[in-house]
Amino acid sequence: MTINWAQCHTRPVLMIPGPTELPFPVIQAMNQPPTIQYDRSFDEEVLEPTTLALREVFQTKNEVILMPGSGRTALEAGALSVIEPGDRVLVVGAGQFGVLMREIMNRVGAAWTEFPVEWGARLDLERLAREVEQLRPKAITLVHNETSTGTTYPADEVGRIAKSAGALYLLDTVSSIAGIDVRTDEWGVDLNMTGSQKCLAAPLGMALVAVSPRAFAAMERRKRAAPSLVYDLLRWKELWVPVSRGGKVPDGAARRQPVSIPTHLTGAMRVAARLILEEGLSHRFRRHAVAATAVRRGVAAMGLEMFPDASLLSNTVSCVKTPKSIDPAAVVTRMRDQYGILIGTGLDKMRSSTLRIGTMAMTASPHYVLPTLSALELALRDLGYKCEPGAGVAAAQAAFADAG
Ligand SMILES: Cc1ncc(COP(=O)(O)O)c(C=O)c1O
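Sequential numbering of the sequence shown, starting at 21, is according to the numbering used here.
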């Protein structure tokens with residue numbers, strides 16, 4: 021009889037690059053009766069402490085705005101708030117999420133220019149600087165961590181280029197924040213846009229944007245109000261940010277939310293942010309770095325190669341090339357159905373040639389990485405790929421041991 025090892029699990033372990041596994045206190049935080057989102061006690065006891073804690077996570081003094089939605093909501097809210105039809109925007113496009121940014125810019129009527137980067141390849145910063153110099157865009161956008169290719173781009177350097185051109189800097193940190201060092205203020209990020217369900221280890225359902233004073237000023241200079249009432253970030257300044265922090269609401273007065281804030285999800289986010297700060301950012305970034313190194317060494321020992329340029333390897337998403345004879349979708353199905361662990365295939369044009377493994381928040385640890393590599397190896401063997409039993413797990417274990 022063939023044994024199905026997944027049978028006894030009620031759900032697969034999420035080793036996809038988000039949504040990711042949640043710490044138990046975050047899950048517990050949602051098991052509450054409803055509260056009223058416009059009640060002052062929710063604002064004072066939950067929402068405010070959460071946004072203040074998130075400032076530390078974002079490494080910023082800027083306002084961090086929480087809204088219902090996802091990463092895409094944050095990107096769209098950011099774009100529609102600062103960009104007016106006809107504004108020049110330079111979109112750095114290095115993968116599927118660069119394409120998303122381009123589409124959003126298209127919808128808001130930007131006169132966008134793409135700066136194309138071959139998927140998985142390095143970004144030519146000198147050429148980018150020249151292009152920016154020539155184009156003089158109002159804004160530059162970058163995806164810090166391209167989840168489609170498992171690459172991390174030098175967001176600090178791009179920030180320098182944006183600054184020297186006086187352009188607003190819009191950064192997608194959906195798959196990096198709280199897993200990879202993101203220095204919002206130091207890098208001059210005007211809109212730091214992300215979602216709740218990846219390295220923040222909160223449930224899917226919140227969009228987060230850290231907004232610089234420069235970005236708010238750009239919103240105030242618009243000729244026409246933003247085309248969305250609900251996601252216009254300027255309304256947060258007008259209805260929600262107190263005067264002492266540069267907003268319009270008298271200090272101590274009740275403030276209004278431009279869109280009703282989901283109370284359960286905010287409660288979960290509060291706990292998630294607390295856990296991140298209790299761990300400490302530098303410990304957390306190092307943990308992700310070691311876990312991703314272990315994944316890389318593990319797959320290398322199985323005879324597999326990483327997709328991206330070796331200088332860009334992401335610590336939150338590992339994008340691995342599959343052997344020619346093996347269909348990535350078959351590996352994913354086998355791992356899930358037989359071994360109870362879910363990883364992802366590549367996206368779009370990489371769907372039939374790559375696999376993606378997340379090391380995010382809780383899953384950036386031996387507790388998750390070692391069983392994942394074991395299941396990957398078993399699944400590959402089941403599908404006819406020959407590799408030495410245990411080689412991947414042994415190499416990954418050695419990487420964890422080396423890290424001390
Ligand atoms: C880099 C990046 N940007 C944007 C998104 C879209 O975010 P969401 O799925 O939360 O809307 C994702 C989702 O995977 C992502 O990885």
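Ideal placement from N, C-alpha and C gives every residue a C-beta, glycine not left out.
Predicted, not measured: the structure shown is a model, and the values here were computed from it.
Tell me the rounded alpha-carbon separation between residue i and residue j.
| i | j | result |
| --- | --- | --- |
| MET125 | PHE78 | 24 Å |
| PRO391 | GLY199 | 21 Å |
| LEU254 | THR161 | 20 Å |
| ALA175 | TRP207 | 7 Å |
| PRO247 | PRO223 | 29 Å |
| GLU68 | LEU190 | 24 Å |
| THR169 | LEU396 | 19 Å |
| LEU301 | THR342 | 33 Å |
| SER264 | GLY106 | 34 Å |
| LEU120 | ILE181 | 22 Å |
| ALA312 | LYS218 | 15 Å |
| THR171 | GLY323 | 21 Å |
| GLU177 | LEU145 | 8 Å |
| ARG31 | GLY360 | 7 Å |
| LEU155 | ALA185 | 10 Å |
| ALA399 | CYS339 | 17 Å |
| LEU297 | ASP201 | 13 Å |
| ARG242 | LEU100 | 11 Å |
| ARG122 | SER334 | 22 Å |
| ALA49 | THR379 | 23 Å |
| LEU285 | GLU408 | 45 Å |
| ALA245 | VAL109 | 19 Å |
| THR80 | LEU211 | 11 Å |
| GLU151 | THR365 | 34 Å |
| GLU96 | TYR405 | 43 Å |
Can you check which of these residues, the options, is closest to residue i by C-alpha distance?
| i | options | result |
| --- | --- | --- |
| ILE346 | GLU325, LEU295, SER372 and GLY364 | SER372 |
| GLY118 | VAL137, ARG290, MET226 and ALA94 | VAL137 |
| ALA221 | ILE361, ARG275 and MET382 | MET382 |
| GLU104 | GLU96, GLY98 and GLY129 | GLY129 |
| GLN57 | MET380, THR283 and PRO343 | THR283 |
| MET355 | ILE377, ASP144 and GLY89 | ILE377 |
| ALA419 | SER385, VAL310, ALA399 and MET380 | VAL310 |
| PRO386 | GLY98, ALA415 and LEU367 | ALA415 |
| ALA384 | MET50, GLU298, ILE36 and THR30 | ILE36 |
| ALA230 | THR204, GLY89, TYR251 and ALA399 | THR204 |
| GLY38 | LEU295, ILE363, VAL413 and ALA288 | ILE363 |
| SER394 | LEU148, VAL413 and THR379 | VAL413 |
| ARG147 | ALA159, GLY410, MET21 and GLU134 | GLU134 |
| GLY98 | VAL202, LYS81, TYR251 and PHE305 | TYR251 |
| ASN34 | GLU408, LEU403, ALA411 and VAL337 | As written in the sequence, residue 34 is Leu, which differs from the Asn given in the question. LEU34 has its Cα closest to that of VAL337, out of GLU408, LEU403, ALA411 and VAL337. |
| CYS28 | ALA399, THR379, LEU375 and GLN358 | GLN358 |
| SER195 | ALA187, ARG92 and ALA321 | ARG92 |
| SER232 | GLY272, VAL66 and GLU83 | GLU83 |
| ARG276 | ILE85, VAL315, GLY424 and LEU228 | ILE85 |
| VAL351 | ALA237, MET370 and ASP402 | ASP402 |
| GLU266 | GLU240, ARG290, ALA288 and MET87 | Position check: residue 266 holds Gly in this sequence, whereas Glu was assumed. Checked all of GLU240, ARG290, ALA288 and MET87; the closest Cα to GLY266 is GLU240. |
Say yes only if the C-beta of residue i is nearer than 8 Å to one or more non-hydrogen atoms of ligand 1, and no if none qualify.
| i | result |
| --- | --- |
| PRO328 | no |
| GLN417 | no |
| VAL194 | yes |
| ARG92 | yes |
| PRO174 | no |
| VAL163 | yes |
| PRO88 | no |
| LEU228 | no |
| LEU74 | no |
| GLY38 | yes |
| LEU120 | yes |
| GLN217 | yes |
| PHE78 | no |
| LEU211 | no |
| LEU143 | no |
| LEU95 | yes |
| CYS224 | What sits at residue 224 in the sequence shown is Leu, not Cys. LEU224 Cβ: within cutoff of ligand 1. |
| PHE236 | no |
Taking 9 Å as the CB-CB limit, is residue i close to chain C?
| i | result |
| --- | --- |
| SER302 | Within the model displayed, chain C is absent; a lone protein chain is all it includes. |
Examine ligand 3 and report whether any of its heavy atoms sits within less than 8 Å of the Cβ of residue i.
| i | result |
| --- | --- |
| THR167 | As presented, the structure is devoid of ligand 3, carrying ligand 1 as its sole ligands. |
Quick one: what's residue i bridged to in DSSP?
| i | result |
| --- | --- |
| ASP192 | VAL163 and MET213 |
| THR172 | ASN165 |
| ILE85 | VAL229 |
| MET382 | DSSP output for MET382 lists no bridge partner at all. |
| ASN338 | Looking at the sequence itself, residue 338 is Ser, so the reference to Asn does not match. DSSP lists ILE377 as partners of SER338. |
| GLU134 | VAL111 |
| PRO262 | VAL269 |
| MET326 | VAL340 |
| ILE181 | Its beta-bridge partners do not exist; DSSP assigns none. |
| ILE296 | None, per the DSSP bridge assignment. |
| GLY404 | For GLY404, which the question treats as bridged, DSSP gives no partner whatsoever. |
| THR365 | LEU375 |
| VAL33 | ILE361 |
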